[in-house]
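Report on the following structure.
Protein chains: 2
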Amino acid sequence: MPKTTIISVDAMGGDHGPSVIVPGIALAADHWAERGVHFLLHGVEDVLKAELARAPAAARLCEIRHTDRVIASDEKPAQAMRRGKGSSMWNAVEAIRQGEAAAAVSAGNSGALMAIAKLILRMMGELERPAMVARWPSLAGATTVLDVGANIDCDAQRLVEFAIMGEAFHRALNGVARPSVGLLNVGAEDQKGHEEVREAHRILRGGGVDLNYHGFVEGGDISKSVVDVVVTDGFTGNVALKTAEGTVRFIGAELRAALTGSVLDKVGAFIAQGALRRLMLRLNPSALDGAPLLGLKGLVVKCHGGTDARGFSNGLRVAVDLAESQYAQEINASLEHLTATLAATARDDEAAPEKIA
Amino acid sequence: MPKTTIISVDAMGGDHGPSVIVPGIALAADHWAERGVHFLLHGVEDVLKAELARAPAAARLCEIRHTDRVIASDEKPAQAMRRGKGSSMWNAVEAIRQGEAAAAVSAGNSGALMAIAKLILRMMGELERPAMVARWPSLAGATTVLDVGANIDCDAQRLVEFAIMGEAFHRALNGVARPSVGLLNVGAEDQKGHEEVREAHRILRGGGVDLNYHGFVEGGDISKSVVDVVVTDGFTGNVALKTAEGTVRFIGAELRAALTGSVLDKVGAFIAQGALRRLMLRLNPSALDGAPLLGLKGLVVKCHGGTDARGFSNGLRVAVDLAESQYAQEINASLEHLTATLAATARDDEAAPEKIA
């Protein structure tokens with residue numbers, strides 16, 4: 004019999020709360036039963052009971068942990084940290100620290116989740132904030148991109164840490180043995196870009212970090228699957244992600260307009276519209292729901308606020324796959340190795356100061 | 004009779020050289036004749052004569068300036084500056100300094116053009132490098148985005164200068180009296196983003212610069228036409244532009260694949276394919292050819308290396324529209340005003356040091 008994996012769920016989080024979260028669990032209930040996965044649902048007991056009554060296959064896998072406190076979607080992170088104790092989100096994360104659950108999943112307020120998770124679980128190594136990951140639709144399937152918004156100012160070491168975490172995440176989730184890693188820049192040549200990205204390039208290329216490092220990549224390479232993992236600072240990553248999402252929406256709108264031009268266009272569009280609609284949904288960089296907050300001492304997966312049952316189910320899969328992988332240990336070992344390497348380099352530089360540029 | 008506007012053309016630049024450049028002039032020959040526009044074609048006389056023989060309407064508007072020196076597409080900027088003298092690109096720009104032409108247009112090597120233009124024409128105010136502009140397809144037509152790659156590190160003053168130049172450019176080209184301006188950031192609130200973007204936000208909002216300033220915008224707002232002009236540093240702008248181009252290519256590829264799924268899809272796609280192809284071409288952020296190098300003391304317009312006759316014709320239109328507008332004088336006046344305002348603020352801060360944050 005396989006060992007049991009317990010996932011802690013903020014059952015009140017997100018725009019639709021339990022009405023998509025419980026059906027999200029139910030969607031793959033047979034699969035979870037087979038894998039020995041169980042769920043702790045944190046939220047309002049009466050509401051959750053009513054939802055579970057409609058989903059008996061899910062009910063058998065779930066245990067309710069009652070709380071009637073819920074963090075609002077517009078609550079400020081600082082406020083959520085001070086007043087969020089005992090809320091469904093807080094309790095979902097706290098269950099990891101208590102050793103009750105292997106991972107937590109929430110579709111609630113991002114800023115609050117990041118603040119609470121950091122407070123309860125703490126960060127690995129010298130990291131300051133969890134990195135946000137996007138699983139970006141691309142020619143070969145999905146490219147892992149980080150950071151897409153949490154860490155605005157990043158020095159070279161932070162970028163290298165993202166590379167380490169993103170690579171381990173991509174392997175755990177996609178079963179790729181040696182994911183390739185690229186640094187986002189404005190060109191492929193060594194002298195391109197600002198100092199932070201060039202310094203990170205030197206560290207990654209230097210071999211002190213054992214990664215399948217490809218080198219610099221450009222914005223157009225993300226959806227082209229040139230590498231498996233694209234590393235960037237949270238400012239650039241956020242702008243790139245939102246620009247791509249905006250481009251998809253724009254094309255969708257223009258496509259509908261273009262296909263209502265001539266009568267022939269309309270006939271064609273009517274026939275092809277199912278394929279088009281499926282495609283535009285799939286191509287949105289937000290389509291692949293379920294992104295872990297990387298760098299925490301514990302697994303927390305964030306789903307979109309507007310997630311549906313399928314999206315939440317996907318988030319659960321990410322949590323279970325990561326929980327059952329060697330992901331956390333790999334990151335820990337690599338980060339320790341990085342710290343040692345950088346310290347040794349710093350000592351060398353001190354011993355030979357004329358080498359400093 | 005209208006006054007004559009003379010445009011200097013690097014007739015050898017770009018992947019296809021005179022074979023698209025002369026047809027590019029011919030495309031709107033009647034229009035140019037009516038507006039009193041003439042062209043100086045810098046390049047190999049025999050080649051240009053042969054092309055002009057096939058385009059008599061264009062030939063009447065053109066004067067050939069022979070040179071057999073051409074800057075290669077892979078030549079390094081520093082090399083082009085040292086050895087480019089007398090080349091078609093160099094002479095096209097030099098004609099502005101000599102007062103022979105009101106503007107220059109080239110589809111040649113970007114880095115070389117920027118270096119040569121800067122050397123010959125020099126920069127306005129305290130600018131260090133010309134800013135690169137993208138005319139980005141959007142719901143309302145086109146959004147002006149800058150810098151998309153020339154200035155990697157930008158302080159707050161540089162960003163404000165981009166706002167001034169981009170606004171004047173957008174007005175000159177689109178006839179909008181008071182284009183709205185937004186600063187690209189990761190959120191709309193004042194405290195979002197890094198120090199440079201927040202400081203530029205304070206200056207623009209402070210009213211020392213007379214612009215129709217909207218505030219922060221996000222990546223998804225560019226193609227949504229939330230503002231007319233989007234300002235960002237060259238690193239972020241380059242990544243955003245290439246990401247959007249990559250997204251358009253990716254959607255195009257997936258669209259073709261999706262529409263060859265079922266037989267019905269195929270029929271629909273066959274019928275609608277003309278509309279689809281036109282649309283994908285139009286939506287590429289590079290579709291609108293002809294981008295000025297902003298900040299030079301002189302008008303230089305860059306077309307894509309792979310431009311075709313239509314693209315080059317568009318670049319010529321940008322050059323003529325700018326040459327016949329008040330664009331240069333407006334930018335000069337606004338930059339002087341900015342310098343005076345910032346100097347006054349610095350003096351105030353010195354007089355009252357306790358106010359410094």
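Top line first, the protein sequences correspond to chains A and B.
One point on numbering: in this note's numbering, the residue at position 42 of the first sequence is 45, and numbering is uninterrupted.
One point on numbering: in this note's numbering, the residue at position 343 of the second sequence is 346, and numbering is uninterrupted.
C-beta atoms are modelled at their ideal positions from N, C-alpha and C, and glycine is treated no differently.
Practice item. Inspect the beta-carbon positions of B/Leu291 and A/Ala261 and report whether they are closer than 8 Å. Key: Taking the first residue of the second sequence as 1, we reach residue 291 of chain B at position 288. Taking the first residue of the first sequence as 1, we reach residue 261 of chain A at position 258. No, the pair does not count as a contact, with Cβ atoms beyond the cut-off.
Check your understanding: Going by beta carbon distance, what residues of the same chain come within less than 7 Å of A/Ser328, once the five residues before and after it are set aside?
Key -> Counting from 1 along the first sequence, the entry for residue 328 of chain A is found at position 325. Contacts found: Ala175.
Practice item. Starting from the C-beta of A/Glu54, find all residues in its chain whose C-beta is less than 6 Å away, skip the five residues before and the five after it, and write them out in chain order. Key: The residue given as residue 54 of chain A occupies position 51 in the first sequence. Cβ within range, chain order: Pro21, Val25.
Review point. Quick one: does A/Gly249 have its CB under 8 Å from some CB of chain B?
Key: By 1-based counting over the first sequence, the position of residue 249 of chain A is 246. It does; some Cβ of chain B falls within 8 Å.
Check your understanding: List, in order along the chain, the chain B residues whose C-beta lies closer than 8 Å to that of A/Leu244?
Key -> Mapped onto the first sequence, residue 244 of chain A falls at position 241. A/Leu244 reaches chain B at Gly222, counting residues in chain order whose Cβ is nearer than 8 Å.
Check your understanding: What does A/Ile309 touch in chain B if you count any residue whose Cβ is under 8 Å from its own?
Key -> In the first sequence, the residue the question calls residue 309 of chain A occupies position 306. Note on identity: in this sequence residue 309 of chain A is Gly, with Ile being the wrong assignment. Listed along the chain, the chain B residues whose CB falls inside 8 Å of the CB of A/Gly309 amount to none; the nearest CB is some 15 Å away.
Exercise for review: Keeping to the same chain, check which residues put their C-beta closer than 6 Å to that of A/Met4; ignore five residues upstream and five downstream.
Suggested key: Against the first sequence, residue 4 of chain A aligns to sequence position 1. Since pLDDT at A/Met4 reaches only 48, below the 50 mark, its modelled position is unreliable, and the value read off the structure follows with that caveat. So the list is empty, once near-sequence residues are dropped.
Exercise for review: Return yes when the Cβ of A/Gly249 is within less than 8 Å of the Cβ of B/Lys1, no when it is not.
Suggested key: Nothing can be reported for residue 1 of chain B: it is not among the residues displayed for chain B, which extend from 4 to 360.
Point to revise | Cβ-based contacts, 9 Å cut-off: residues of the stretch 134-167 of chain B near chain A | key: So the close ones are Pro140, Ser141, Leu142, Gly152, Ile155, Asp156.
Review point. Looking at chain A, which residues of the stretch 190-204 of chain B have a Cβ within less than 9 Å of any of its Cβ atoms?
Key: Residues passing the 9 Å Cβ filter: Gly190, Lys195, Gly196, His197, Glu198, Val200.
Practice item. Taking only runs that begin and end inside the stretch 134-200 of chain A, name each unbroken alpha helix (DSSP H) of 4 or more residues, in chain order. Key: Listed in chain order, they are 159-177.
Point to revise | Under the three-state DSSP convention, the category A/Asn229 falls into | key: In the first sequence, the residue the question calls residue 229 of chain A occupies position 226. Rather than Asn, the amino acid found at residue 229 of chain A in this sequence is Val. Coil.
Check your understanding: Who are the near neighbours of A/Ala134 in its chain, counting only those whose CB is closer than 7 Å to its CB and skipping five residues on each side?
Key -> Along the first sequence, one-based indexing puts residue 134 of chain A at 131. Closer than 7 Å at the Cβ level, and outside the excluded window around A/Ala134, lie Leu149, Asp150, Ala153, Asn154, Phe165, Met168, Leu297, Gly298.
**Study point:** Straight-line Cα distance separating A/Ala120 from B/Glu170
**Key:** For this step, residue 170 of chain B is matched to residue 167 along the second sequence. For this step, residue 120 of chain A is matched to residue 117 along the first sequence. Computed Cα separation, rounded: 43 Å.
Check your understanding: So does A/Gly196 have its beta carbon nearer than 7 Å to some heavy atom of the ligand FAD?
Key -> Among the ligands in the structure shown, none appear at all, so the ligand FAD cannot be discussed.
Review point. Where does A/His34 land, buried or exposed, given buried means 16+ other C-beta within 10 angstroms?
Key: Looking up residue 34 of chain A in the first sequence gives position 31. Exposed: under 16 other Cβ atoms inside 10 Å.
Check your understanding: Does the beta carbon of B/Glu369 come closer than 8 Å to any beta carbon on chain A?
Key -> The structure shown does not extend to residue 369 of chain B, since chain B is modelled only from 4 to 360, so the question has no answer here.
Exercise for review: Using only alpha-carbon positions, find the residue among A/Thr344, A/Gly318, A/Trp139, A/Val50 that is nearest to A/Gly240.
Suggested key: Along the first sequence, read from residue 1 onward, the residue named residue 240 of chain A stands at position 237. The residue with the shortest Cα to Cα distance from A/Gly240 is A/Trp139.
Check your understanding: Is it a yes or a no for the stretch 87-100 of chain A touching the stretch 51-65 of chain A, going by three-plus beta-carbon pairs under 8 Å?
Key -> Counting Cβ pairs under 8 Å, fewer than three are found: no touch.
Check your understanding: Do three or more CB pairs link the stretch 93-104 of chain B to the stretch 306-314 of chain B at distances below 8 Å?
Key -> At 8 Å Cβ cutoff, the stretches do not touch.
Practice item. Alpha carbon to alpha carbon, how far is A/Val212 from A/Leu345? Give it in angstroms, no decimals. Key: Counted from its first residue, the first sequence places residue 345 of chain A at position 342. Counted from its first residue, the first sequence places residue 212 of chain A at position 209. Within the model, the alpha-carbon separation for A/Leu345 versus A/Val212 is close to 10 Å.
Check your understanding: Is it the case that the Cβ atoms of B/Thr8 and B/Gly27 are separated by a distance below 8 Å?
Key -> Against the second sequence, residue 8 of chain B aligns to sequence position 5. Against the second sequence, residue 27 of chain B aligns to sequence position 24. No.
Review point. Among the residues of its own chain, which have a CB less than 8 Å from the CB of B/Asp224, if the five just before and after it don't count?
Key: Counted from its first residue, the second sequence places residue 224 of chain B at position 221. Excluding sequence neighbours, B/Asp224 sits near Gly185, Val230, Val233.
Exercise for review: Can you tell me which of the three DSSP states A/His307 falls into?
Suggested key: As a first step, residue 307 of chain A must be located in the first sequence, where it is residue number 304. Assigned with DSSP and collapsed to three states, A/His307 falls in coil, not helix or strand.
Practice item. Work out the CA separation of A/Gly178 and B/Ile206 for me, nearest whole Å. Key: Residue numbering aside, residue 206 of chain B sits at position 203 when the second sequence is read from its first letter. Residue numbering aside, residue 178 of chain A sits at position 175 when the first sequence is read from its first letter. The straight-line gap from Cα to Cα measures roughly 50 Å.
Review point. How would you list, in chain order, the residues of chain A whose beta-carbon sits under 9 Å from the beta-carbon of B/Lys227?
Key: As a first step, residue 227 of chain B must be located in the second sequence, where it is residue number 224. By Cβ distance, chain A contributes Gly249, Arg252, Phe253.
Exercise for review: Taking 8 Å as the cut-off, decide whether the C-beta atoms of B/Ala95 and B/Ser109 are in contact.
Suggested key: As a working mapping, residue 95 of chain B is identified with position 92 in the second sequence. As a working mapping, residue 109 of chain B is identified with position 106 in the second sequence. Yes, the pair counts as a contact, with Cβ atoms nearer than the cut-off.
Review point. When the distance is taken between beta carbons, is B/Gly222 closer than 8 Å to A/Val242?
Key: Indexing the first sequence from 1 puts residue 242 of chain A at position 239. Indexing the second sequence from 1 puts residue 222 of chain B at position 219. Cβ atoms of A/Val242 and B/Gly222: closer than 8 Å.
**Study point:** Under 8 Å by beta carbon: chain B residues contacting A/Leu187
**Key:** The residue labelled residue 187 of chain A in the question sits at position 184 within the first sequence. Here the neighbours are Val242.
Review point. For chain B, is any of its Cβ atoms less than 8 Å away from the one on A/Phe238?
Key: Position 235 of the first sequence, counting from 1, holds the residue named residue 238 of chain A. Yes, contact with chain B.
Check your understanding: In or out: B/Glu357 buried (at least 16 other Cβ within 10 Å) or exposed?
Key -> Your numbering for residue 357 of chain B matches position 354 in the second sequence. Because the pLDDT at B/Glu357 is just 48, under 50, the model does not fix this residue reliably, and the value given afterwards should be weighed accordingly. B/Glu357 is exposed by the Cβ-count criterion.
**Study point:** is_contact[A/Glu131, chain B] using C-beta, thresh 8 Å
**Key:** By 1-based counting over the first sequence, the position of residue 131 of chain A is 128. Taking Cβ atoms only, chain B never reaches closer than 8 Å to A/Glu131, which makes this a no.
Check your understanding: When the cut-off is 8 Å and only beta carbons count, does B/Leu2 lie next to chain A?
Key -> Since the first residue shown for chain B is 4 and the last is 360, residue 2 of chain B is missing from the structure and cannot be characterised.
Practice item. Tell me whether B/Arg68 sits in a helix, a strand or coil according to DSSP, three-state version. Key: Taking the first residue of the second sequence as position 1, residue 68 of chain B is located at position 65. DSSP places B/Arg68 within a strand segment (E or B) once states are collapsed to three.
Review point. Should A/Thr348 go down as buried or exposed, given a rule of 16 or more other Cβ atoms within 10 Å for buried?
Key: Position 345 of the first sequence, counted from the start, is the residue given in the question as residue 348 of chain A. Exposed: under 16 other Cβ atoms inside 10 Å.
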